[in-house]
Amino acid sequence: MRTLVRYGYVPFMLLAVNGAGIAVAASGSSKLWLLGLLSLAIAASFVAERVLPYRADWNIPHDDDRRDAVHAVVNETLTLGSVAALPVLTAVASIDGVWPHDWPFVLQVLAAVLVADLGITLVHLASHRIPALWRLHAVHHSVKRAYGFNGLMKHPLHQTLETAAGVAPLVLLGLPTSVAYALALCVAVQLLLQHSNADYRVGPLRSVLALNQAHRFHHLKWSGVGDVNFGLFTLVWDHLLGTYSYDPERRFTSDDLGMAAKPHYPGGYLAQLAEPFRRRGACTADEPRPEVAAKRMPDPASR
Ligand SMILES: [Zn+2]
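According to the UniProt record's numbering, the sequence shown is numbered sequentially starting from 1.
Here it is as structure tokens:
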């Protein structure tokens, strides 16, 4: 069973769950099937983490489980609402005749994933560089353990900005609503994989796909050190931007995660919604840095 999870969990999520979502979206079936697939993906995420945990203590709630459930429900509802509103946007803002409607549906989804990956990755990078955006993104970086379900945990306003940047070019290109529904499921599945506490393996693909082995480096708490591996679906943009970082020997504990400059970030849902708008939600100068730097350490950004 552990071997099955180690090598089969990622293919199950990327090929079986996403594949089923693509089939549902292509067929025009009820969108409730997509909610069912999202629920299946979340359940699979928890099962994989219990069968093959990277850290056993990261499977134990850190007073964060109910809060993360609220984040997930709010954020996924927002996502579905945005997709439902897409026809209005494409009706007024798309360039006719650009979207490749004649491509096989699965390739249309793949193209949408790659375009969205660029936009979302760039907003993510900007969120570590621009203080006003960091205030919002800090909510997501307050986590003290990595487990699949808290991939969906972020400030709804920040998610909206990321989604807008990822989807805006697609809207211009005339993204069909059916493709957008499939894309929305792919994003949620990717976030579950990226933050997963399952100790799965993908071989050399770990330096191409933005999965948990690389993403843990992104959650290192130190200013500068954690400003790496921004990609959502792929690490291609990180390789090109020089923000890729990986060390196969590195192991992580809760002490490594979070924000060194904000060790007492509020944990409640409503408090997290409000924190970016409080005075203390800002970045501070002179932020703590580690004694020994990671392999590469870009200039400190906005932490
Ligand atoms: Zn980040």
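Virtual Cβ for every residue (Gly too), placed ideally from N, Cα, C.
Predicted model only: the values in this text are computed from it and were never measured.
Say yes only if the C-beta of Phe230 is nearer than 8 Å to one or more non-hydrogen atoms of ligand 1, and no if none qualify.
yes
Answer yes or no: do Tyr9 and Ala48 have a C-beta to C-beta separation smaller than 9 Å?
yes
Identify whether Leu172 lies in helix, strand or coil by the three-state DSSP scheme.
helix
Extract the residue ranges of the beta strand (DSSP E) inside the UniProt domain "Fatty acid hydroxylase" (110 to 243), only unbroken runs of 3 or more that lie entirely within it.
none
Return yes when the Cβ of Glu162 is within less than 9 Å of the Cβ of Val115, no when it is not.
no
Is the stretch 180 to 190 in contact with the stretch 130 to 142, if contact means three or more CB pairs nearer than 8 Å?
no
Are the CB atoms of Asn59 and Tyr147 nearer to each other than 9 Å?
yes
For ligand 1, I want to know if Ser127 counts as a neighbour, meaning its beta carbon is within less than 8 Å of at least one of the ligand's heavy atoms.
yes
What separation, rounded to the nearest whole angstrom, lies between the Cα atoms of residue 336 and Pro61?
This structure gives no information on residue 336, because the portion of the chain shown stretches from 1 to 303.
Under 8 Å: do the stretch 149 to 164 and the stretch 68 to 82 share three or more Cβ pairs, one atom per stretch?
yes
In terms of alpha-carbon separation, which member of Val51, Thr90, Lys221 lies closest to Lys144?
Lys221
Is the closest heavy atom of ligand 1 to the C-beta of His218 under 8 Å?
yes
Can you give me the C-alpha to C-alpha distance between Gln108 and Leu80, rounded to a whole angstrom?
19 Å
Any idea if Phe277 is buried or exposed, counting beta-carbon neighbours within 10 angstroms, 16 or more meaning buried?
exposed
Would you check if the distance between the CB atom of Val106 and the CB atom of Ala26 is smaller than 9 Å?
yes
Consider the C-beta atom of His195 and the heavy atoms of ligand 1; say whether any pair is separated by less than 8 Å.
no
Please report the straight-line C-alpha distance between His239 and Val208, rounded to a whole angstrom.
9 Å
So what does DSSP say about Leu52, is it helix, strand or coil?
coil
State the start and end residues of the unbroken alpha helix (DSSP H) segment that holds Gly268.
Note, Gly268: premise wrong, no alpha helix (DSSP H); not H, not E.
Ser142 and Met259 - do their beta-carbons sit closer together than 9 Å?
yes
Kindly examine ligand 1 and report whether one of its heavy atoms sits closer than 8 Å to the Cβ of His141.
yes
Could you pull out every residue in the same chain whose Cβ sits closer than 7 Å to the Cβ of Ser45, ignoring the five residues on either side in sequence?
Gly148, Phe149, Leu192, Ser196
Is DSSP giving Pro11 helix, strand or coil here?
helix
For Ser127 and residue 305, the rounded distance between their alpha carbons
What the structure shows of the chain is the stretch from 1 to 303, and residue 305 is not part of that stretch, so it cannot be assessed.
Pull up the DSSP beta-bridge partners for Leu257, would you.
Leu220
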